[in-house]
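From first to last, the protein sequence lines stand for chains D and F. Residue numbers for the first sequence follow the working numbering, beginning at 3 and rising by one. Residue numbers for the second sequence follow the working numbering, beginning at 3 and rising by one. Each residue gets a CB set at the ideal place from its N, CA and C atoms; glycine is no exception.
Protein chains: 2
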Amino acid sequence: MRQSHLFTKTRKTAPKDEVAKNAQLLIRGGFIHKEMAGVYSYLPLGLRVLENIKRIVREEMSALGAQEIIMTALQRKELWETTSRWSDEVVDVWFKSQLRAGGEVGFGWSHEEPIADMMRSHVDSFRDLPIFVHQFQTKLRNELRAKSGIMRGREFVMNDMYSFCRGEEEHARFYDQTIEAYMRVFTRVGIGEDTFVTFASGGAFTKFSHEFQTVTETGEDVIYVHREKRLAINEEVLNDETLRELGVTREELQKVNTAEVGNIFNFGTQKSEDLGLVFKDEKGVSTPVWMGSYGIGVTRLMGLLVEKFSDEKGIVWPEEVAPLSVHLVSLAGGSSEVEKEAERVYELLAEHGIEVLFDDRDVRAGEKFADSDLIGIPLRLVVSEKSMAEGGVEMTTRANGASSLVPESNLIERIKKAGVRV
Amino acid sequence: MRQSHLFTKTRKTAPKDEVAKNAQLLIRGGFIHKEMAGVYSYLPLGLRVLENIKRIVREEMSALGAQEIIMTALQRKELWETTSRWSDEVVDVWFKSQLRAGGEVGFGWSHEEPIADMMRSHVDSFRDLPIFVHQFQTKLRNELRAKSGIMRGREFVMNDMYSFCRGEEEHARFYDQTIEAYMRVFTRVGIGEDTFVTFASGGAFTKFSHEFQTVTETGEDVIYVHREKRLAINEEVLNDETLRELGVTREELQKVNTAEVGNIFNFGTQKSEDLGLVFKDEKGVSTPVWMGSYGIGVTRLMGLLVEKFSDEKGIVWPEEVAPLSVHLVSLAGGSSEVEKEAERVYELLAEHGIEVLFDDRDVRAGEKFADSDLIGIPLRLVVSEKSMAEGGVEMTTRANGASSLVPESNLIERIKKAGVRV
Numbered sequence: 003m004r005q006s007h008l009f010t011k012t013r014k015t016a017p018k019d020e021v022a023k024n025a026q027l028l029i030r031g032g033f034i035h036k037e038m039a040g041v042y043s044y045l046p047l048g049l050r051v052l053e054n055i056k057r058i059v060r061e062e063m064s065a066l067g068a069q070e071i072i073m074t075a076l077q078r079k080e081l082w083e084t085t086s087r088w089s090d091e092v093v094d095v096w097f098k099s100q101l102r103a104g105g106e107v108g109f110g111w112s113h114e115e116p117i118a119d120m121m122r123s124h125v126d127s128f129r130d131l132p133i134f135v136h137q138f139q140t141k142l143r144n145e146l147r148a149k150s151g152i153m154r155g156r157e158f159v160m161n162d163m164y165s166f167c168r169g170e171e172e173h174a175r176f177y178d179q180t181i182e183a184y185m186r187v188f189t190r191v192g193i194g195e196d197t198f199v200t201f202a203s204g205g206a207f208t209k210f211s212h213e214f215q216t217v218t219e220t221g222e223d224v225i226y227v228h229r230e231k232r233l234a235i236n237e238e239v240l241n242d243e244t245l246r247e248l249g250v251t252r253e254e255l256q257k258v259n260t261a262e263v264g265n266i267f268n269f270g271t272q273k274s275e276d277l278g279l280v281f282k283d284e285k286g287v288s289t290p291v292w293m294g295s296y297g298i299g300v301t302r303l304m305g306l307l308v309e310k311f312s313d314e315k316g317i318v319w320p321e322e323v324a325p326l327s328v329h330l331v332s333l334a335g336g337s338s339e340v341e342k343e344a345e346r347v348y349e350l351l352a353e354h355g356i357e358v359l360f361d362d363r364d365v366r367a368g369e370k371f372a373d374s375d376l377i378g379i380p381l382r383l384v385v386s387e388k389s390m391a392e393g394g395v396e397m398t399t400r401a402n403g404a405s406s407l408v409p410e411s412n413l414i415e416r417i418k419k420a421g422v423r424v
Numbered sequence: 003m004r005q006s007h008l009f010t011k012t013r014k015t016a017p018k019d020e021v022a023k024n025a026q027l028l029i030r031g032g033f034i035h036k037e038m039a040g041v042y043s044y045l046p047l048g049l050r051v052l053e054n055i056k057r058i059v060r061e062e063m064s065a066l067g068a069q070e071i072i073m074t075a076l077q078r079k080e081l082w083e084t085t086s087r088w089s090d091e092v093v094d095v096w097f098k099s100q101l102r103a104g105g106e107v108g109f110g111w112s113h114e115e116p117i118a119d120m121m122r123s124h125v126d127s128f129r130d131l132p133i134f135v136h137q138f139q140t141k142l143r144n145e146l147r148a149k150s151g152i153m154r155g156r157e158f159v160m161n162d163m164y165s166f167c168r169g170e171e172e173h174a175r176f177y178d179q180t181i182e183a184y185m186r187v188f189t190r191v192g193i194g195e196d197t198f199v200t201f202a203s204g205g206a207f208t209k210f211s212h213e214f215q216t217v218t219e220t221g222e223d224v225i226y227v228h229r230e231k232r233l234a235i236n237e238e239v240l241n242d243e244t245l246r247e248l249g250v251t252r253e254e255l256q257k258v259n260t261a262e263v264g265n266i267f268n269f270g271t272q273k274s275e276d277l278g279l280v281f282k283d284e285k286g287v288s289t290p291v292w293m294g295s296y297g298i299g300v301t302r303l304m305g306l307l308v309e310k311f312s313d314e315k316g317i318v319w320p321e322e323v324a325p326l327s328v329h330l331v332s333l334a335g336g337s338s339e340v341e342k343e344a345e346r347v348y349e350l351l352a353e354h355g356i357e358v359l360f361d362d363r364d365v366r367a368g369e370k371f372a373d374s375d376l377i378g379i380p381l382r383l384v385v386s387e388k389s390m391a392e393g394g395v396e397m398t399t400r401a402n403g404a405s406s407l408v409p410e411s412n413l414i415e416r417i418k419k420a421g422v423r424v
């Protein structure tokens, strides 16, 4: 991708009303555009990051056997009344509107009800189960406050997965597999070390539910972490009984600020009973389905990565989610030799399937470097009169600033060694 | 994909309130689920078709130089007031809702205003133009009636592209290129012959706008077609002046029912003037941007394909959009020999990158064939005791029912010859 073709511009400052670091940097880098508080459009570079995160999640959900679908924003009032979740007193984040044809509709802040209802058309016998499905859905939530950039939006993308099982044991097995799959997602995007399966309050069917919490200074949540045992406890269930059960002491726990990046929840048979989602078991007896719900905040994850991986100069994208792998910067300064060499390197990288942002713009070197640091692509290659005189290309790692001159003959090998996604 | 794993079930009948053929067949085949009138979820097979159409559109938009973004559902009242399009009397398809934080928001039925507004942050000088962008957006429209299945929904996916140019000439060039690109899309999905660039009424800046209309019995529109000249005229501009200008006579035209699959519109500088989207020209003079808007109804296109390509048995997907390319049907009937052979063929196809739905279910042959016809995958392969005795696999083309026995050694070659997407 040629930077001269990319329509977005970097900015030296973020909008004054934007207080969250993630949104400030993403707006300045041209990744997103603020439509209103908590509502952001995704521009070409931002959409690439988003799609990379979705790709990782999709791969892990697919490995679990989950089938992808896409449900709707518009929601039927009658359906949500069945589970007593239509009322604004019960759910305070509904957007609702009048239908011109008469009646009211809601906008999907969650999809548990419609998916359980939909499954009634596809589940009949025990042979049809288990079923695992997931979707990447744009959720709409009428949040009172929206000051955390893309980490808590009024409109955001979520991966929500649902499981439909024949009983508690089958459910528990999938639930545990999902915990592992979710941790693989967090590891792949670069936050595995700092993300903890956190015990939180359960529901009617389980003592605990589980959250995935990632340590970050600006996090809205507080949890208590046991780093060695890789577990954590939410404030609401931090009591002697929980400590005893998990085999840890209060003194071993460290209090940290975190952001919730995922959660998983066991409905047992409650939702199915409410909505009439049943199957005939092996004896022909009509039995309610065990249901679980599993969420990963996709856009939130993107915001969190910016919060955690950035410095005073800009963003430092982890390799697997970076919008592109290499930022090729041409410092031609009028030299057609340098221009030609940069074009050659660009073609070489393309031939090897390496995703490159090619800064072929006619602007000052200082501006190019500042933009490159702000945009945060993992590896930077500079072609200049100096690098050519020294017989190669200057390669710099965004994360640590380490720089070296690489002869063109070694370039592809060195790029691949640097762990670039190909 | 194993059919035993696919959670969706086919149905013998469609919901009674569903009158549109496209939705009837898509629901029966397990492609979509009806949430309410004009609102449908996309299940695994349906999502695959949708993604195939998007892939084709994306390739053609990218070839035009358009950059992909994704805007938001939530819309700012103040922005739309600027162009006098907030009022329900002007735009009668708004969904609107109260913000808990105070004030009103709308839900995106169009994105012309927000994209022009967003471009103000990225356009400064003539050097920044032209810019072409597109998105696949879920549009929300408060339609009074919604009886055409996925062809006119309250919630639907659209590809909307926008052009921002320095003047009329640059705009006209891109506008013409887009007409060609859109026709390539329609040709690739199989409706090129029946789709006509149709003259419709223009706006302040042009005499005509252009619609892409596809001949179909159940179409809501009526146009007048000149098949040889590959042009058509919308009823509203069918007059002597238009006929003279296009060099055709009324007698040469054929009146047909059509569905609109795309439209393109020239705003001139009107929208930019309203919203303050200007650039400094080569003399440093502040000049409004020329803007164009270009839409393809993605879900509508999917519905139209079903309307046009189906028979009494079910859907007949065109190759490029089919959910999978081959339907492999195992008629084992308890024979482990046949089962093994079918598994072997399944692996063979996978090795060659062919997308297969493998009917490995333990159900009657009649049910398998009925489902296969309903789902409408272009090529069917049957492995049975009979086919094995005859030394091969039975291959049937869904479109014409032509059937032949293919030795396994020739299978891949024959499949590729049949024009399968690999």
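Three-state secondary structure (DSSP) of residue i
i        : result
Gln5/F   : coil
Asp361/F : strand
Asp178/D : helix
Arg382/F : strand
Pro132/D : coil
His173/F : helix
Lys14/D  : coil
Pro290/D : strand
Asn412/D : helix
Ile152/F : helix
Glu247/F : helix
Asn236/D : strand
Ala420/D : coil
For residue i, the first and last residue of its enclosing alpha helix (DSSP H)
i        : result
Val51/D  : Pro46 to Ala65
Met73/D  : From DSSP, Met73/D is part of no alpha helix (DSSP H); its letter is neither H nor E.
Leu307/D : Val300 to Lys310
Ser165/F : That residue, Ser165/F, is in no alpha helix (DSSP H); its beta strand (DSSP E) goes Glu157 to Cys167.
Of the listed residues the options, nearest to residue i (C-alpha basis)
i        : options                                   : result
Ser43/D  : Ile34/D, Arg50/D and Val51/D              : Ile34/D
Lys98/D  : Leu76/F, Lys273/F and Gly368/F            : Leu76/F
Gly249/F : Ala261/F, Ala234/F and Thr260/F           : Ala234/F
Leu383/D : Leu407/D, Leu277/D, Phe109/D and Gly110/D : Leu407/D
Leu255/F : His228/F, Gly270/F and Asn268/F           : His228/F
Gly378/F : Phe267/F, Pro409/F and Leu326/F           : Leu326/F
Tyr164/D : Thr244/D, Arg102/D, Ile71/D and Ser86/D   : Ile71/D
Ile414/D : Arg346/D, Lys257/D, Trp96/D and Gly403/D  : Arg346/D
Lys257/D : Gly221/D, Val263/D and Pro116/D           : Gly221/D
Ala401/D : Arg423/D, Ser312/D and Phe360/D           : Ser312/D
Gly205/D : Ala352/D, Phe9/D and Phe267/D             : Phe267/D
Lys418/F : Ser405/F, Lys285/F and Leu381/F           : Leu381/F
Cβ neighbours of residue i in the same chain (closer than 7 Å, five flanking residues each side left out)
i        : result
Ala367/D : Leu333
Neighbour flag for residue i against chain D, beta carbons, 8 Å
i        : result
Val135/F : yes
Extent of the continuous beta strand (DSSP E) run through residue i
i        : result
Glu213/F : Phe210 to Val217
Pro325/F : First-last for Pro325/F: undefined, no H or E at that position.
Gly264/D : Gln256 to Gly270
Gly108/F : Glu106 to Phe109
Val1/D   : Coverage of chain D is limited to positions 3 through 424, which leaves residue 1/D absent and any answer about it impossible.
Ile225/D : Asp223 to His228
Glu396/F : Val395 to Thr399
Close beta carbons around residue i, own chain, < 6 Å, minus the five adjacent residues each side
i        : result
Thr197/F : Phe188, Phe214 and Thr216
Residues near residue i by beta carbon distance below 8 Å, same chain, minus five either side
i        : result
Asn265/F : Ala202, Ser211, His212, Glu213, Phe214, Tyr296 and Gly297
Val191/F : Ile55, Ile58, Leu303, Leu307, Pro320, Glu322 and Val323
is_contact[residue i, chain F] using C-beta, thresh 8 Å
i        : result
Val365/D : no
Met63/D  : no
Pro116/D : yes
Arg186/D : no
Val408/D : no
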